[in-house]
Each structure stands twice: as C-alpha cells, then as structure tokens.
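S.K.: What follows is a single structure, and I will ask about it in a moment.
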Amino acid sequence: MNRPVQDFLASRLSLLKPSPTLLLAARARELKQQGIDVLDFSGGEPDFDTPEPVKKAAVKAIGEGFTKYTAVGGIPELKEAIREKFIRDQGLDFHPRAIVVSNGAKHSLFEIFQVLVNPGDQVLLPTPAWVSYPDQILLNQGDPVFIPCREEDGFRIDPDALQEVLTPRSKLLVLNSPNNPTGAIIDRKRLERVVEIALQNDLLIISDEIYEKINYTGDPVPSIATLDKSVRERTVIVNGVSKTYAMTGWRIGYAAGPREIMEAMDAVQSQTSSNPNSIAQKAASFAIRSGEEFFEPMLVEYRKRRDWVVSAFNRISGIRCLPPEGAFYVFPNISGLLGRSYKGVPIQTAYELAEFFLDVARVAMVPGTPFGSPVHMRMSYAASLSSLQEGVRRIGEAVSLLE
Ligand SMILES: Cc1ncc(COP(=O)(O)O)c(C=O)c1O
C-alpha cells in the first residue's frame with residue numbers, strides 16, 4: 377500500500393498555519409459571492425489605486441522592452457532611489473550592495489530569517505505582532521519568543537520585559553514601528569533602552585518599517601538604526617512600496633543593512649526567485665523618487681477615518697479603542713463583550729466574536745488572538761469613510777443584541 381500523499385510533505389510544514397487574515401477575507405468573499413452585503417475590514421492593503429504616474433512608468437518600461445531578467449537584488453536605478461530615500465528620510469547612507477530588493481517586504485523578511493536563523497535560535501517578538509512573523513520564524517526552524525506589550529503603554533515595547541525573556545539562545549529582535557496591528561510607534565526613549573539591551577546581549581535587530589509613512593504624529597518615526605553607529609551596524613531595515621504608494625500587487629520590498637547579511641540574501645534570492653519583476657522595479661523607482669507627493673493626500677484621508685472610527689468605537693458600550701499613531705488599523709479592546717450571549721449562546725473568545733460580527737452584522741474584522749492578544753480585534757480603516765460608518769453602525773447594532 378502506497379503512503380498517502382500528505383505523508384510526503386516535509387515535517388516542518390506541520391508548523392505552518394494559514395494566514396488568519398486571509399482566511400477571514402476568504403469567508404467574507406464567499407458570503408459576498410452568495411450575494412450577501414458584507415463589509416470587509418480584515419485586509420491589510422490601501423483602498424486607493426496606485427497613483428497614475430506610477431502606472432505610466434510601468435507602461436513605459438513595457439514599451440521600452442524592459443521585460444528581461446535584471447540584477448538579482450534590484451536594478452541600479454531602484455537601488456539608487458532607495459539609497460536617496462534613506463539619506464533623505466533617515467540620514468542613513470547605504471552602499472548599493474547593502475540593499476536587496478525582493479518580491480515584497482514579506483519576502484525580504486523570509487530571506488532575512490532564512491540567512492540568520494539556525495535551528496533553535498530565539499527570535500524575540502514584541503506582541504501584538506503581525507501574524508506572518510512567527511510562521512516565517514518557525515519555517516526557518518527558529519523559536520519565536522513573545523514579549524507582551526501592554527495596552528497601558530500604548531502597546532509600545534517594555535524594555536524590562538525584553539530583558540526578562542533573554543537567554544543565551546536569543547539572537548534576533550524584531551521591531552515593527554508603526555505596528556501592525558496596534559499602530560503603535562516606539563518612542564526614542566524606549567528605543568535607546570532597547571539599543572542598550574541589544575548591544576549588551578549581542579542581538580541583531582530587524583526593523584520592519586513598512587508603515588513608516590503612515591504616521592499621524594507629525595514627527596518622523598524614529599528608526600532604531602539612526603540612534604548610533606554601533607546599533608546601525610547590527611540592524612537590518614525592511615521597507616517597501618506596498619503600503620506607502622498603494623502598490624501591494626506590484627510586489628516590491630527591500631532590506632538594507634550589514635553587507636554580509638545582504639550578500640547572503642542576494643545569494644538565496646539568486647537560487648530561488650531571482651530578480652523581482654522588472655516592470656514593477658521601474659514603477660517602484662519612480663514612486664520612491666517622487667517621494668511625498670503621492671502619499672500625502674492618502675495620509676490626510678487615513679487620518680480623517682482614524683479619528684472617526686476611534687471615537688465611534690469608544691461610544692459602543694463594551695468596546696475601548698486607543699487612537700493609533702500610525703498604520704491603518706484600529707485595535708479595539710473587546711474584553712467588555714466577551715462572556716455576553718447572543719440568543720442564549722455565550723461568546724467567549726475573539727474568534728467567536730469575529731464570527732458573530734460576520735454572521736449578524738455582516739462585517740469582517742480579524743480576532744486579535746493570532747496577533748498575540750485574545751481581547752482585541754483588528755479593523756483596517758483602509759476603506760471608504762462611508763463604508764466604515766456603515767460598518768461601525770452595524771457593529772453597534774449587533775452589540776446591542778448581546779445580553
Ligand atoms: C508589518 C508588516 N510587514 C510586512 C508586510 C509585507 O508587505 P509586502 O510584502 O506587501 O511588502 C506587511 C503586510 O501586511 C505588514 O503588515
């Protein structure tokens with residue numbers, strides 16, 4: 377008797393969970409296909425279209441026949457645009473060989489873990505955190521170690537909590553500021569303490585800055601790499617064009633950091649995906665060069681929505697919502713709703729509440745549990761203000777049915 381096909385799958389795959397955000401979006405899509413009017417706030421992408429001049433740059437590239445393999449880690453023009461961006465925004469100057477362009481920041485992160493993690497290495501992860509980090513770490517046979525961030529601290533990392541989880545196996549620390557799902561931006565004072573601890577304990581830092589430009593504070597987001605020279609030499613910055621320029625489908629992300637790490641990533645990429653899409657690289661070069669002009673109108677719109685959603689959630693009894701400082705998510709605390717019942721059936725978990733919202737309010741939001749918090753839910757406000765208003769109204773109505 378031949379073995380069933382699933383037995384052939386590599387054992388490390390048993391650690392992989394399908395992305396819960398994509399799962400919820402799929403259920404919402406299914407309902408929509410049945411003709412049900414579902415408002416889907418589960419995704420993580422701008423609702424804006426890619427700016428027209430960026431599309432034109434891609435069309436021009438096609439017209440000019442820029443449709444062949446390129447240098448594995450990115451074309452010189454894009455690397456130069458990225459280099460100039462780092463100088464302009466953060467005062468950091470990276471040699472082109474210290475930059476690797478990949479198929480989205482998610483791909484950059486996977487390659488980073490691939491080249492840095494040995495079996496059993498601990499990767500420290502302040503939570504709530506983006507759902508893909510733990511799975512990417514596990515797939516590379518690392519050990520994710522969670523550092524809970526408190527709501528009372530605005531979900532910013534607590535350096536004492538970092539200190540507490542350290543062991544001789546601790547190797548990497550992942551920072552994500554502004555954060556998905558909380559929108560928290562780590563302040564300079566906390567970063568200084570984190571630098572001290574990281575340097576004392578020989579940690580390497582991965583700074584995921586993909587939401588850098590979606591920032592409502594009025595001040596630039598402090599990047600840990602800018603704090604001092606020694607920490608810069610121990611930090612890999614990850615960024616990309618998906619969120620800033622509404623270019624999620626183009627798949628361009630990049631990493632910049634120590635030359636040895638970047639060369640290893642380039643080598644892995646050369647044997648796996650090769651170069652990112654040539655046409656998308658041209659479009660990304662144009663978007664990054666054009667700088668502020670494209671995202672500023674989007675930021676104005678995001679801020680309006682954020683302010684509206686936060687105050688509307690805070691008017692619903694049982695929900696408490698902090699105003700996020702960046703990104704385009706709210707992360708309301710729903711602990712006041714857990715334990716209440718709908719038609720005699722108690723709702724005990726954020727998952728059950730997400731199902732209740734989908735079934736009764738026809739609104740899709742993601743439970744906080746896979747992000748590391750069982751008493752929150754994530755709503756993306758990268759959606760029109762009118763759909764957000766309708767969505768929060770429906771949630772309020774559904775909540776009023778709970779006993
Ligand atoms: C925190 C964080 N990092 C990285 C990414 C990946 O972005 P992309 O692969 O589209 O560049 C995302 C996307 O949701 C994210 O939320």
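The sequence shown begins at 377 in our numbering and counts up by one. The C-beta atom is built at its ideal place from N, Cα and C for all residues, glycine as well.
1. Taking 7 Å as the line, does the beta carbon of Ala-481 fall inside it for any heavy atom of ligand 1?
2. I'd like the ranges of any beta strand (DSSP E) spanning at least 3 consecutive residues and lying wholly in the region 729 to 763.
3. Starting from Ser-508, follow the alpha helix (DSSP H) in both directions and report where the run begins and ends.
4. Would you please state the rounded distance, in angstroms, between the beta carbons of Val-617 and Ile-628? I believe it to be under 8 Å.
5. Compare the C-alpha of Val-676 against each of Gln-645, Asn-555, Gly-594 and Leu-575 and name the closest.
6. What are the start and end residues of the alpha helix (DSSP H) that includes Gly-439?
7. Taking the alpha-carbon of Lys-712 as reference, which of Ala-663, Gly-694, Glu-701 and Pro-699 has the nearest alpha-carbon?
8. Which one of Ala-434, Trp-684 and Phe-470 has the shortest CA to CA distance from Leu-761?
9. Taking just the CA atoms, how far does Ile-488 sit from Arg-364?
10. Taking the Cβ atom as the reference point for each residue, do Gly-450 and Val-491 lie within a distance shorter than 8 Å?
11. What are the boundary residues of the beta strand (DSSP E) that includes Ser-583?
12. Does DSSP put Leu-548 in a helix, in a strand, or in coil?
13. First and last residue of the alpha helix (DSSP H) that includes Phe-671?
14. Excluding sequence positions up to five away, which residues of its chain have a Cβ less than 7 Å from the Cβ of Tyr-445?
15. Please tell me whether Val-742 and Ser-418 are closer than 8 Å, where the distance is taken between their beta carbons.
16. Taking its Cβ as the centre, do 16 or more other Cβ atoms sit within 10 Å of His-483, making it buried, or is it exposed?
17. Could you tell me the boundaries of the alpha helix (DSSP H) in which Ser-606 lies?
18. Return helix, strand or coil for Ile-561, following the three-state DSSP convention.
19. Pull up the DSSP beta-bridge partners for Ala-643, would you.
20. Helix, strand or coil: how does DSSP classify Gly-702 here?
21. Any heavy atom of ligand 1 within a distance shorter than 7 Å of the CB on Thr-624?
22. Using 8 Å as the threshold, is the C-beta distance between Ile-586 and Val-614 below it?
23. Relative to the C-alpha of Pro-598, which residue among Trp-626, Ala-774, Ala-560 and Ala-574 is closest?
24. Hey, quick one: how far does the beta strand (DSSP E) through Ile-613 stretch, first residue to last?
25. Do Arg-754 and Tyr-705 have their CB atoms nearer than 8 Å?
26. So the candidates are Val-751, Lys-658 and Pro-750; which of them puts its Cα closest to the Cα of Pro-429?
27. Give every residue of the same chain whose Cβ lies closer than 7 Å to the Cβ of Tyr-727, excluding the five residues on either side of it in the sequence, and list them in chain order.
28. Does the distance from the CB of Gly-480 to the CB of Val-499 come in under 8 Å?
29. Alpha helix (DSSP H) containing Val-541: first to last residue?
30. Mark Asn-555 as exposed unless 16 or more other C-beta atoms lie within 10 angstroms of its C-beta, in which case mark it buried.
31. How about Leu-764 and Tyr-718: do their beta carbons lie closer than 8 Å?
32. Taking the continuous alpha helix (DSSP H) assigned at Asp-465, which residues delimit it?
33. Report buried or exposed for Asp-645, applying the criterion of at least 16 other Cβ atoms within 10 angstroms of its Cβ.
34. Within 10 angstroms of the Cβ of Glu-588, are there 16 or more other Cβ atoms? Answer buried if so, exposed if not.
35. Can the beta-carbon of Gln-466 be found less than 8 Å from the beta-carbon of Thr-602?
36. Using DSSP with H/G/I as helix, E/B as strand and the rest coil, what is Gln-724?
M.R.: The answer reads as follows:
1. Along the sequence shown, read from residue 1 onward, the residue named residue 481 stands at position 105. Ala-481 Cβ: within cutoff of ligand 1.
2. 753 to 756
3. One-based indexing of the sequence shown puts residue 508 at position 132. Segment 508 to 515, the alpha helix (DSSP H) holding Ser-508.
4. Indexing the sequence shown from 1 puts residue 617 at position 241. Indexing the sequence shown from 1 puts residue 628 at position 252. Indeed, because the Cβ distance is near 5 Å, the residues count as touching under 8 Å.
5. Translated into positions along the sequence shown, residue 676 becomes position 300. The shortest Cα separation from Val-676 among Gln-645, Asn-555, Gly-594 and Leu-575 belongs to Gly-594.
6. Here residue 439 refers to the residue found at position 63 when the sequence shown is read from its first residue. Note, Gly-439: alpha helix (DSSP H), 428 to 439.
7. To locate residue 712, count along the sequence shown from 1; it is residue 336. Checking the displayed sequence, the identity of residue 712 turns out to be Gly instead of Lys. With distances taken between Cα atoms, Gly-712 lies closest to Gly-694.
8. Here the question's residue 761 lines up with position 385 in the sequence shown. Checking every option, the nearest Cα to that of Leu-761 belongs to Trp-684.
9. The displayed coordinates of the chain run from 377 to 779. Any statement about residue 364 would go beyond what the structure contains.
10. Sequence index remark: in the sequence shown, residue 450 carries index 74 (1-based). Sequence index remark: in the sequence shown, residue 491 carries index 115 (1-based). Their beta carbons are not under 8 Å apart, which means Gly-450 does not touch Val-491 by this criterion.
11. In the sequence shown, residue 583 corresponds to position 207, counting from 1. 580 to 584 is the extent of the beta strand (DSSP E) around Ser-583.
12. Taking the sequence shown and counting its residues from 1, one reaches residue 548 at position 172. Note: Leu-548 maps to strand in three-state DSSP.
13. For the purposes of this step, residue 671 is taken as the residue at position 295 of the sequence shown. Note, Phe-671: alpha helix (DSSP H), 668 to 690.
14. For the purposes of this step, residue 445 is identified with residue 69 of the sequence shown, where counting begins at 1. So the qualifying residues of the chain are Ser-650 and Asn-651.
15. Here residue 742 corresponds to residue number 366 of the sequence shown, with the count starting at 1. Here residue 418 corresponds to residue number 42 of the sequence shown, with the count starting at 1. Cβ atoms of Val-742 and Ser-418: closer than 8 Å.
16. Mapped onto the sequence shown, residue 483 falls at position 107. Burial call: buried.
17. Translated into the one-based positions of the sequence shown, residue 606 becomes position 230. Counting along the chain, the alpha helix (DSSP H) containing Ser-606 begins and ends at 605 to 608.
18. Residue mapping note: residue 561 aligns to position 185 of the sequence shown, counting from 1. Coil at Ile-561, not helix or strand.
19. Your numbering for residue 643 matches position 267 in the sequence shown. Paired residue(s): none; Ala-643 is not in a bridge.
20. Taking the sequence shown and counting its residues from 1, the one referred to as residue 702 is at position 326. Gly-702 falls in the strand class under three-state DSSP.
21. Within the sequence shown, numbered from 1, the residue matching residue 624 stands at position 248. The answer is yes for Thr-624.
22. In the sequence shown, counting from the first residue as 1, residue 586 sits at position 210. In the sequence shown, counting from the first residue as 1, residue 614 sits at position 238. Cβ atoms of Ile-586 and Val-614: closer than 8 Å.
23. Mapped onto the sequence shown, residue 598 falls at position 222. That would be Ala-560, whose Cα lies nearest to the Cα of Pro-598.
24. Working through the sequence shown from its first residue, we reach residue 613 at position 237. Element bounds for Ile-613: 611 to 616.
25. Here the question's residue 754 lines up with position 378 in the sequence shown. Here the question's residue 705 lines up with position 329 in the sequence shown. Closer than 8 Å, so yes.
26. The residue labelled residue 429 in the question sits at position 53 within the sequence shown. When each option's Cα is compared against that of Pro-429, the closest is Lys-658.
27. Locating residue 727 in the sequence shown gives position 351, counting from the first residue. Cβ neighbours of Tyr-727 beyond the five flanking positions: Pro-743 and Thr-745.
28. Taking the sequence shown and counting its residues from 1, the one referred to as residue 480 is at position 104. Taking the sequence shown and counting its residues from 1, the one referred to as residue 499 is at position 123. Result no, Cβ atoms of Gly-480 and Val-499 do not sit closer than 8 Å.
29. Working through the sequence shown from its first residue, we reach residue 541 at position 165. Val-541 -> alpha helix (DSSP H) spans 535 to 541.
30. As a working mapping, residue 555 is identified with position 179 in the sequence shown. Buried, because 16 or more other Cβ atoms sit within 10 Å of the Cβ of Asn-555.
31. Counted from its first residue, the sequence shown places residue 764 at position 388. Counted from its first residue, the sequence shown places residue 718 at position 342. Their beta carbons are not under 8 Å apart, which means Leu-764 does not touch Tyr-718 by this criterion.
32. Here residue 465 refers to the residue found at position 89 when the sequence shown is read from its first residue. From DSSP, the alpha helix (DSSP H) with Asp-465 extends over 452 to 466.
33. What you label residue 645 is simply residue 269 of the sequence shown in a count that begins at 1. Reading the sequence as shown, one finds Gln at residue 645 and not Asp. Buried.
34. Counting from one through the sequence shown, the residue named residue 588 turns up at place 212. It is buried - the Cβ of Glu-588 has at least 16 other Cβ atoms within 10 Å.
35. To locate residue 466, count along the sequence shown from 1; it is residue 90. To locate residue 602, count along the sequence shown from 1; it is residue 226. The answer is yes: Cβ separation under 8 Å.
36. Locating residue 724 in the sequence shown gives position 348, where the first residue counts as 1. DSSP places Gln-724 in coil when its eight states are reduced to three.
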